[in-house]
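Going by the numbering used here, 145 is the number at position 145 of the sequence shown; the sequence numbering is gapless.
Here's the structure, in structure tokens; my notes come after.
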Amino acid sequence: MSVLSKPYFHSEEAAFAYLESVVWADGTACPHCGGVDRITKVKANPAKRIREGLWRCGDCKKQFTVKVGTVFEHMRLPLHKALQAVYLMTSSKKGISAHQLHRVLEITYKSAWFLAHRIREAMRDGDLSAFGGNGGIVEVDETFIGKLKGVEKKRAFHHKMKVLALVDRDSGKARTMVIDNVKAETLMPIVIANVSREARIMTDEHSGYRDAGKWFAGHGTTSHGKGEYVNLQDRTIHSNTVEGYFSIFKRGMKGIYQHCGEQHLHRYLAEYEFRYNNREALGCNDKDRAGNALRGIVGKRLTYGGPVAAN
């Protein structure tokens, strides 16, 4: 029996029960008025068009399901197929394309594409706590991917999209963001806002970090241009961890997704960041990772008009 043989991957009743156990772990609550005391279950009856997973609040007299107030609100797909998609996206180290979801789930490509973006929105963390507390080491690096729309292709990286990543060695967590350029006036405010002052930061020789030593307890650099990837005098000085993170990100973006518009890049970053921060090395297996993604659906909405209008 495979993991995807679980009842909540095939039955709507079981799917709603499972999602309710995740989202309402502390008890059923009305998303309209917040009531918790006078909540009653409405029995599903397809003949009378009473859908699965319906509840009624005795305080505000409104009906709701566990999907209300989440990225799954107004989703027309069966919930059990959405749960399959969540598991497939969270368990695939380098991602799974919308075309693959469209074939596996037997839904339209448009629905698969939008569902994947809903799940990426659920993966978005939003944690702003500083990295490198208690004098830890934080690696910082930037990379370039794809092509900016309307920008002439030239040598180097000016026509590419730019991404900044920070990795906290102690916690093993990563944080990524899209940036406009790799100048010091862009990079340093972001690093300062996301890294504790007592931390030591590790970068390559990029001049954008030349003043980092003024803001943090230490600043180690290696010169990749000279073939130096680890300082032989102090082997803690390197940025190989963040480079490894970028290798997974780029292999997935080039091999699985192949193309990404600038308006969607932040959500793809959230996807890779989520899987990295919920990986086996940190004690999180595939089931735990899928559960963490489902806990992230609450309080978020993503309408179809948004992504389409940006194209």
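Just so it is clear, CB atoms sit at the ideal spot from N, CA and C, and this is done for glycine as well.
Can you list, in chain order, the residues of its chain whose CB lies under 6 Å from that of residue i, leaving out five sequence neighbours each side?
i      : result
Phe121 : Correcting the residue identity first, residue 121 is Glu in this sequence and not Phe. Val71, Lys300 and Leu302.
Lys173 : Asn277
Trp215 : Ile192
Arg200 : Ile137, Ala217 and Gly218
Where does residue i sit, in a helix, a strand or coil, going by DSSP?
i      : result
Gly252 : helix
Trp55  : strand
Gly133 : helix
Leu128 : coil
Asn181 : coil
Met231 : For the sequence presented, residue 231 should be read as Asn rather than Met. It is coil, neither helix nor strand.
Met1   : coil
Ile237 : coil
To the nearest angstrom, report how far apart residue i and residue j are at their CA atoms.
i      : j      : result
Lys226 : Val191 : 25 Å
Trp55  : Arg118 : 24 Å
Gly244 : Glu139 : 11 Å
Gln84  : Asp288 : 14 Å
Gln263 : Thr40  : 42 Å
Glu273 : Met75  : 25 Å
Thr221 : Leu265 : 28 Å
Ser223 : Gly208 : 14 Å
Val86  : Cys57  : 29 Å
Lys160 : Lys147 : 4 Å
Ala156 : Gly213 : 28 Å
Asn285 : Asp26  : 23 Å
Pro31  : Tyr268 : 29 Å
Leu19  : His99  : 25 Å
Go through its chain and collect everything with a Cβ distance to residue i's Cβ below 7 Å, but skip five positions before and after it.
i      : result
Leu77  : Ile107, Ser111 and Leu115
Gly291 : Val22
Glu12  : Glu52, Pro78, Leu79 and His80
Phe249 : Tyr272
Let me make sure I understand the geometry here. Which of the options has the alpha-carbon closest to that of residue i?
i      : options                           : result
Leu164 : Phe246, Ile96 and Glu280          : Phe246
His238 : His266, Leu269 and Glu205         : Glu205
Phe16  : Ser129, Lys67 and Gln100          : Lys67
Gly53  : Lys149, Glu280 and Ala14          : Ala14
Val242 : Gly261, Asp234, Leu232 and Met202 : Met202
Glu142 : Gly252, Arg175 and Arg103         : Arg175
Ile256 : Tyr18, Met89 and Phe64            : Met89
Arg295 : Asn45, Ile50, Arg124 and Lys61    : Arg124
His158 : Ser171, Ile179 and Thr28          : Ile179
Provide the residue(s) that pair with residue i in DSSP beta bridges, ordered along the chain.
i      : result
Val298 : Thr70
Gln63  : Arg56
Met75  : None; Met75 has no bridge partner.
Glu139 : Val167 and Met202
Ala293 : In DSSP, Ala293 forms no bridge with anything.
Quick one: does the C-beta of residue i sit closer than 7 Å to a heavy atom of the ligand COA?
i      : result
Arg103 : As presented, the structure is devoid of all ligands, the ligand COA included, so that no description of it is given.
Short of 8 Å in beta carbon distance, which residues of its chain neighbour residue i, apart from the five on each side in sequence? Order them along the chain.
i      : result
Arg210 : Ala184
Asp37  : Gly58 and Asp59
Ala309 : Note that Ala309 scores a pLDDT of 44, beneath 50, so its modelled location is shaky and nothing firm can be said.
Pro307 : Interpretation of Pro307 is limited by its pLDDT of 43, a score under 50 that renders its predicted location unreliable; the figure taken from the coordinates is listed afterwards. Phe114, His117, Gln263 and His264, listed in sequence order.
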